[in-house]
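*Asks:* Sequential numbering from 795 applies to the sequence shown in the working numbering. No residue lacks a Cβ here, since even glycine has one placed at the ideal position from N, Cα and C.
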Amino acid sequence: AKVRGPETAWPSIFPLAASKVVCSGGSSSLRHSVVFAMARVVEGDARTGTWARPATPQMGTDADGQFVSRGWNELEHKGWVFKARTRPPSGGAAAADLRDALSLGPVPLPQKVYAENLLECSHESGVKIEFTAEAALGGWQSAQQKEFGGSLSAENFDRHFNTPYAGSIVVDKDKLREKLRMARKIEAPDFGVPGASREKLPMDLLQQRGHIHFYDQVELFGEAFADGGQVLCETKARVMDDCFLVLLRYFIVKPNSGVHMRDVRYFHKVWHR
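This is the structure we're talking about:
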């Protein structure tokens, strides 16, 4: 709501639970406060404009007033479960375990690796899309092994951490088989294997205004160079009433050279097969 005098605009991505506005500004002595509710989401009522709220929206603001996750975010919505976990950059034992898992040898990790961070979208049918730092850096390790071969060393490696990673699609075939059995159907030759699609993102649908049930941003790894260059790999997700969109972005800035950005997007319209 807007009042005369100083205005405060809340971004639509922020899951406000309930608000109690007493005012503030102009000639009137008004002040405002916002109250956040902690109810578990199952469904929303689009017709009345009323919504249940997640048990853990866990979005706050940092010192600069930017919205940040407080560590855990979860939502159940129309057969899907969305989870986001954010932790500080990994060091010590966690970083050592990641190095061992990737078999890096003398090759260093990026300056910031978020080994405990996770974004996960799971469907009751047994299909899951997930994003982790280990899988993203595993793609980088495989790519540089092909490029450098046996000459990999602490000085000779892909310093920009280029990764072909596009997220991981995990399929629980037992759950899918149970669905087939109940529907009296048989397995296809490519049963349980993600297939290519020529469908395009429905930009008209994504540009529509509506309630956002879930939003989070999860960093996987990053690097800052002495010359001002930067590498960042992160993923974001937003869940609307009838669809969701997930973005995985690999972003690199090379001073005096250019910017490279690689985006992978997952879109799903709820109840669409």
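Relative to the C-alpha of Gly1022, which residue among Thr1029, Lys877, Gln939, Gly1052 is closest?
*Replies:* Taking only the C-alpha atoms, the option nearest Gly1022 is Gly1052.
*Asks:* For Phe1045, which beta-bridge partners are listed by DSSP?
*Replies:* Leu1026, Met1055, per the DSSP bridge assignment.
*Asks:* What are the boundary residues of the beta strand (DSSP E) that includes Glu914?
*Replies:* Segment 912-917, the beta strand (DSSP E) holding Glu914.
*Asks:* For the stretch 949-1029, which segments carrying the alpha helix (DSSP H) assignment without a break, of at least 4 residues, lie completely within its bounds, in sequence order?
*Replies:* If we require 4 residues or more, the alpha helix (DSSP H) runs fully inside the stretch 949-1029 come out as 967-977, 997-1000.
*Asks:* Looking at Gly920: is its Cβ nearer than 8 Å to the Cβ of Lys994?
*Replies:* It is not a contact, given that the beta carbons lie outside the stated cut-off.
*Asks:* Can you look up Arg881 in the DSSP assignment and give me helix, strand or coil?
*Replies:* DSSP places Arg881 in coil when its eight states are reduced to three.
*Asks:* Of the residues Leu903, Leu1014, Gly1004, Trp866, which one's Cα is nearest the Cα of Ala930?
*Replies:* With distances taken between Cα atoms, Ala930 lies closest to Leu1014.
*Asks:* Under the rule that 16 or more other beta-carbon atoms within 10 Å means buried, what is Pro1049, buried or exposed?
*Replies:* Pro1049 is exposed by the Cβ-count criterion.
*Asks:* At the level of alpha carbons, what is the spacing between Ser945 and His917?
*Replies:* Cα-Cα distance, rounded: 43 Å.
*Asks:* Would you call Arg1032 buried or exposed, if buried means 16 or more other Cβ atoms sit within 10 Å of its Cβ?
*Replies:* Buried: at least 16 other Cβ atoms inside 10 Å.
*Asks:* What is the C-beta distance between Pro904 and Glu1017, in whole angstroms, given that I count them as a contact (C-beta under 8 Å)?
*Replies:* About 4 Å; that satisfies the 8 Å criterion.
*Asks:* May I have the straight-line CA-CA distance separating Gly873 from Phe1008, to the nearest angstrom?
*Replies:* Their backbone Cα atoms lie some 14 Å apart in a straight line.
*Asks:* Between the Cα of Phe951 and those of Tyr959, Ala937, Pro958, spot the shortest distance and give me the residue it belongs to.
*Replies:* With distances taken between Cα atoms, Phe951 lies closest to Ala937.
*Asks:* Roughly how many angstroms separate the alpha carbons of Asn867 and Lys877, rounded to a whole number?
*Replies:* Approximately 6 Å between the Cα atoms of the pair.
*Asks:* Compute the Euclidean distance between the alpha carbons of Phe1019 and Val907, then round it to the nearest angstrom.
*Replies:* Going by the C-alpha atoms only, they are around 15 Å apart.
*Asks:* For Asp1010, count neighbouring C-beta atoms within 10 Å of its own C-beta (all shown protein chains included) and say buried if the count is 16 or more, exposed if not.
*Replies:* It is buried - the Cβ of Asp1010 has at least 16 other Cβ atoms within 10 Å.
*Asks:* Beta-carbon separation of Phe955 and Val1058 under 8 Å?
*Replies:* Contact flag unset, no.
*Asks:* Any beta carbon from chain C within less than 8 Å of Lys877's own beta carbon?
*Replies:* Of the chains in the structure shown, none is chain C; there is only one protein chain.
*Asks:* What is the C-beta distance between Ala888 and Ala909, in whole angstroms, given that I count them as a contact (C-beta under 8 Å)?
*Replies:* That pair is a contact at about 5 Å.
*Asks:* So what's Ala1031 in DSSP terms, helix, strand or just coil?
*Replies:* Here Ala1031 sits in strand by DSSP.
*Asks:* Terminal residues of the continuous beta strand (DSSP E) containing Lys922?
*Replies:* It spans 921-926 - the beta strand (DSSP E) in which Lys922 sits, taken as one unbroken run.
*Asks:* Keeping to the same chain, check which residues put their C-beta closer than 8 Å to that of Glu928; ignore five residues upstream and five downstream.
*Replies:* Same-chain partners within the cutoff: Leu892, Ala895, Leu896, Ala909.
*Asks:* Measure the CB-CB distance between Tyr1060 and Val1047 and report whether it falls below 8 Å.
*Replies:* Contact: no.
*Asks:* Cβ atoms of Gly961 and Leu1042: under 8 Å apart, would you say?
*Replies:* Cβ distance < 8 Å, so Leu1042 and Gly961 count as in contact.
*Asks:* Please report how far the alpha carbon of Met1055 lies from the alpha carbon of Lys967, in whole angstroms.
*Replies:* Roughly 34 Å between the two C-alpha positions.
*Asks:* Give the straight-line distance between the Cα atoms of Arg953 and Glu1028, rounded to the nearest whole angstrom.
*Replies:* If you take the alpha carbons of Arg953 and Glu1028, they lie about 18 Å apart.
*Asks:* Name the DSSP beta bridge partners of Lys1063, please?
*Replies:* Partner(s): Cys1037.
*Asks:* Can you tell me which residues form a DSSP beta bridge with Lys906?
*Replies:* Answer is Gly1016.
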